[in-house]
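The block underneath contains the structure these notes are about, expressed in structure tokens.
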Amino acid sequence: MKHFTPQKWLWLFFMVVATGVYAQEKTITGKVTDADTGDALPGVNIVIKGSSVGTTADADGKYSLAVPGNDAVLVFSFIGFQTLEMPVGTQTVINPALGSDTKALEEVVVVGYGTQRKVDLTGAVGSLRASDIDIGSKPITSPDQLLAGRVAGVQITNRSGDPGAPIDVRIRGVGTAGVNSPLWVIDGVPIVQTSNITVNTSSTTESNPLAGINPADIESIDVLKDASAAAIYGARAANGVIIVTTKRGKDGKATLTYDGYTGAGTPWKKLDVLNTNQYIDMQAQLDPVNRDFSKFKGQPDVNWQDQVFRTSKVQSHNIGVSGGTPNANYFVGVGYMNQQGLELGQGFKRYSIKANTDVKVGDRIKIGESLLLSSVDRMIQSEDAIYAAFNSALNQPFFKVYDPNGPGGYNAETVENRGSAGNSNNYVMRTDPNYSYTTVLSRKVLANVYGELEIIKGLKYRISGGVDYNVGDGNFFQGDVGFNGLPKSSLLVQERPIEMTTNFNNTLTYIKNFGKHDLTVLVGHEETNFRYDKLRLQGNDLFNTAIKFASTGVQVAGANEADHWALRGYLGRINYAYADKYLFTFNIRKDFSSRFAENKRSQAFPSFSAGWRISQENFFPKGGIFDDVKIRAGWGQSGNQFTGTNFPYLTTLQPTIFYVVGTGNQTVVRGPAPINLANPDVKWETGTQFDIGTDIALLSGKIDFTFDYYNKTSNGILLGFPLPYTSGFFLPTDNNIGKMVNRGIEMALTYNGQVGQVKYSVGGNITTVHNEVLDLGTIPEIISGVGGASTHRTKVGDPIGSFYGYKTDGIFQNQAEIDAAVPDRISSGRKPGDIRFKDVNGDGQIDANDRTNLGSYIPKFYYGINASARFHNFDFSLLLAGVSGQKVYNQARSQGEDLRSATNFYASTLGHWTGEGTSNSMPRLTIDDDNQNNRYSDRWIESGSFMRIRNIQLGYAIPSTQLKNWTGGLITRFRVYVAAQNLYTFTKYSGFDPEVTRGQSFQKGETPLATGQDGGSSPQPRIIQFGWQVSF
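Read in order, the letters of the sequence shown are residues -23 to -1, 1 to 1009 in mature numbering (1 follows the signal peptide of the UniProt record, and there is no 0).
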């Protein structure tokens, strides 16, 4: 076997593929017709089952096909019609009649606490099926990434290319000033999305709470977008609901599947910076005395981005076993994924086990369980190495990476190596675990058990209990050797958060069909309890850095955190249909939350929707192009209880406040103190949404079209209102402030067609969003920002958290232009070559009052385009996704084009102003910047519009006949494919990646009041992969 060369394997492969083309024994002829009308069906695909041999019916529906013998089976398939298999036997003429395919009309979607036929839906629900997109072949770390570009109304934004980093999911815009994440329900268990490891003071330690869910285990994802669909979840549904259903076994023979892939990731873009000679010359122009780097001239350039970026390896392996009998079924999945980050200091590894079972006990009882065990291990860049690729790009280009005489063989960060005024950091050394690292290990148990009892025919009682249990281990380590090669105090921070959500619900469902009336009634009760505890231990100056215990430090400090809340809900739903054409749904839920004062604790959330299947009316033309036409409308309310803190109606005591006591020889003592002003009147935030839409199916299932208009208003927005420090309180007080609206349209269109033996599908979706603040109560505006700066403003009439700064008007070319300009109160002295700022309010001067709206990070619309095709055993798929109309604050560029800095510059600065008429966009070099050219202005606001090739894939499945001959029936399917993820991004944005949401931290999340900033985070990697799928 060792002499069986790759060339021989290749020869054998092509011989096997070609086997079915020859060995002809007889010819079958016939005519294909429509079973309903008797008309001929041209273009029908006819193939010999288990092979790639086939033909296509001509314009008259006629065909002729050579088959190997009487045992052959012909498969007739056509878009919009049921696939038909017919054994050849002794026949030579076969005339099949294909019936219309109505399975699309019978498709079932998961809604709150139940299921519904898709045609019976009266709310706005988007669905995704594993069979439609081949989930297991996508190199993604969490299920939220599957939705990108595939479901209208849903925007997916990756905060970073770091694998396992949080992902922002927005359904129909930004609905609140706080957390905008939808409620995720996994196999009936609601997921509380928190990110609780903070060993590293940077928010890069935040992890995606869904990263422990293996996407390969998923069967379907259903998105409840409007309040009429989501109100059944009440207090947690203001931002929409996403229901994930994992795979379960089916009645039949046991099957074993193995899916795997391996690949490599590279950056799709790098920044253009100065080389050594350019850098030295420009610094000499800035300050020839203090910035003389001439001794480094002639040294080889170091491409620091190439040193920090790497070809990241990724691999995934998933094994699934499923099967069942009429009384029991099972599914067991085992998964492993390992993905290196694109930058040094990043990595992701996941192990998972999934088990689902269902068992019938007699005729009336059914029990089952869903169990997930997973472990996620992340390597994250530490705070002294954050954004390593971007920050290293600004290193002096002569600064070396390695020095055989340096600490650990690295080039130390010393004056000798970077010059007296130099500023370079060795990010290769900083990401070396011997010197510094941050790791986060998260273990998850997600379990749900249920029991169903059919009391009488049509009346079913269901009880279920679930738990989402998470344990984390975080470690932040800094060694006892500094990056300058000198000894320093070591540090180890260790955290152990434990988080548990328990969920118990019981429902009673009654289904009755009488005549033309269909009635479903659901009532239920649910209890949710959340508890969070964290122990933090910090050790300084470790006894031995090889022993990673914080308790071995000379100085040891500890801290604890705790969080606890509960939610109780009572719910009901009525679905009524008359004659399968008049559809009505009524939902109501009343929730009680421990987060609010007793008199504000409860709130009811009703919804109502109706649908009219006009195509079922007698007056509607039959046999035409329309298969099904439905008009629907809905209204509903849902809630938000997340205020950022628990129990805002109570004063919080902080036990570690330091007081200065006495006069003269004062002493410092530690004791408790109130840190927030209690507000007993804070209450629920309520979202009210109206939706009107239509669902249309045409041409026997060839075309599906969906349209929705939505108007979503948020009332009593929960917001922490800052108090002056003179009040004695450090934290903002929670209030219900303001009102905001999101409105827009959604459209989704899919066309399924066939040309000859090529079946194809083309689809797309688009969503528009108009966000506007309607009311802020007595507050005229809210100024917020990142890192203490005032970069964003929320004001009535504008989108929430709009960029807020100065507008520019070119560059002063001479002194006469400066003399003629209005005074600039921000500038301490203007010279030719400085930026000219606009007097926006026209008061004859430039001051802070001239700051204005510079645009919004919220896109005007976002979209997805998908296509797929199949020819014999070859298949192809393509997914594009993009946004348009959003702005990005390119903070990274404000550093790379800071023309007073001692770090390296972007290459764009070579075009800086050097005299009259030389530039009207890039100012002069100035070490003092008296004019504050770098102030926050529209210079740094860029278009963030982009279109990205999310995934492109080409696959080949070996014909089943050849597999049977090869393996004796052991292997029933073998497919191989090549694919690319994030192949290319079409954008005018100058930074690494326009897909950013980085902003001000908001209680383990991002606040819409200040986001859309690009500080240089990791770009999305371009991943090229090879994969395989095997079924036994």
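Each residue gets a CB set at the ideal place from its N, CA and C atoms; glycine is no exception.
Exercise. Could you give the uninterrupted runs of the alpha helix (DSSP H) lying entirely in the stretch 604 to 683, keeping only those of 4 residues or more?
Worked result: none
Exercise. Between Ile190 and the ligand SAH, is the CB less than 7 angstroms from at least one heavy atom?
Worked result: Summarising the ligand content, the structure contains no ligands, and the ligand SAH is consequently not present.
Exercise. Nearest to Gly715 by alpha carbon, out of Ala825, Asp668, Asp775?
Worked result: Asp775
Exercise. Taking the beta strand (DSSP E) that Leu726 falls in, what are its first and last residues?
Worked result: 716 to 732
Problem set entry | CA-to-CA distance, Asn617 to Thr665, given in whole angstroms | 11 angstroms
Exercise. Per DSSP, Tyr235 forms a beta bridge with which residues?
Worked result: Ile296, Val1007
For this session: Report buried or exposed for Ile168, applying the criterion of at least 16 other Cβ atoms within 10 angstroms of its Cβ.
Result: buried
Exercise. What do you get for Ile71, buried or exposed, if any count of 16 or more other CB atoms within 10 angstroms of its CB means buried?
Worked result: buried
For this session: Pull up the distance between the alpha-carbon of Glu504 and that of Asn480, whole angstroms please.
Result: 6 angstroms
Exercise. Under 8 angstroms, do Gly27 and Ser845 count as touching if we go by C-beta distance?
Worked result: no
For this session: Give every residue of the same chain whose Cβ lies closer than 6 angstroms to the Cβ of Gly100, excluding the five residues on either side of it in the sequence, and list them in chain order.
Result: Asp203, Ser205, Ala206, Ser586, Gly611
Exercise. Would you call Asn22 buried or exposed, if buried means 16 or more other Cβ atoms sit within 10 Å of its Cβ?
Worked result: buried
For this session: Mind the definition here: the stretch 948 to 960 touches the stretch 921 to 936 only if three or more C-beta pairs lie below 8 angstroms; say whether that holds.
Result: yes
Exercise. What's the gap between the Cα of Glu594 and the Cα of Ala554?
Worked result: 14 angstroms
Exercise. What is the DSSP secondary structure of Pro701, counted as helix, strand or coil?
Worked result: coil
For this session: State buried or exposed for Thr92, treating a residue as buried only when at least 16 other CB atoms are found within 10 Å of its CB.
Result: exposed
For this session: Could you tell me whether the Cβ atoms of Gly217 and Arg566 are closer together than 8 angstroms?
Result: no
Exercise. In the DSSP assignment, what are the bridge partners of Gln990?
Worked result: Tyr866
For this session: Return the bridge partner residues of Gly91 from the DSSP annotation.
Result: Val88
Exercise. Hey, Tyr840 and Asn742: beta-carbon distance below 8 angstroms or not?
Worked result: yes
Exercise. So what does Ser184 bridge to, in DSSP terms?
Worked result: Looking at the DSSP assignment, Ser184 forms no beta bridge with any residue, so it has no partner.
Problem set entry | Exposed unless 16 or more other CB atoms sit within 10 angstroms - verdict on Pro996 | buried
For this session: Would you tell me roughly how many angstroms separate the C-alpha atoms of Val(-8) and Val426, rounded to the nearest one?
Result: Bear in mind that a pLDDT of 40 at Val(-8), under 50, signals an unreliable position, so the number given afterwards is only what the model happens to contain. Straight-line Cα distance between these residues: approximately 48 angstroms.
Problem set entry | Reference Ser878; option with closest CA among Leu371, Glu893, Ser592 | Leu371
Problem set entry | Thr895, DSSP secondary structure in three states | coil
Exercise. Nearest-angstrom Cα distance between Ala362 and Gly535?
Worked result: 25 angstroms
Problem set entry | Proximity winner among Leu675, Gly740, Met899, relative to Asp786 (alpha-carbon distances) | Met899
Exercise. Comparing alpha-carbon positions, which option in Val52, Gly733, Phe561, Gly693 lies nearest Gly155?
Worked result: Gly693
Exercise. If you draw a straight line from the C-alpha of Ser704 to the C-alpha of Val763, how long is it?
Worked result: 24 angstroms
For this session: Going by CA-CA distance only, name the one from Lys577, Gly165, Phe561, Thr562 that's closest to Asp568.
Result: Lys577
Exercise. Going by Cα to Cα distance, which pick from Gly31, Phe682, Asn688 is closest to Gly613?
Worked result: Asn688
Problem set entry | Bridge-paired residues (DSSP) for residue 1010 | Within the shown structure, residues of the chain are numbered from -23 to 1009, placing residue 1010 beyond reach of any answer.
Problem set entry | Residues near Asn843 in its chain [Cβ-Cβ closer than 6 angstroms; skip 5 each side] | Gly740, Leu856
Problem set entry | Beta-ladder partner(s) of Glu472, from DSSP | Gly451, Arg513
Exercise. How long is the line joining the alpha carbons of His849 and Ile195, rounded to whole angstroms?
Worked result: 27 angstroms
Exercise. What distance in whole Å lies between the Cβ atoms of Asn897 and Asp811, which are believed to be in contact at a cut-off of 8 angstroms?
Worked result: About 12 angstroms; that fails the 8 angstroms criterion.
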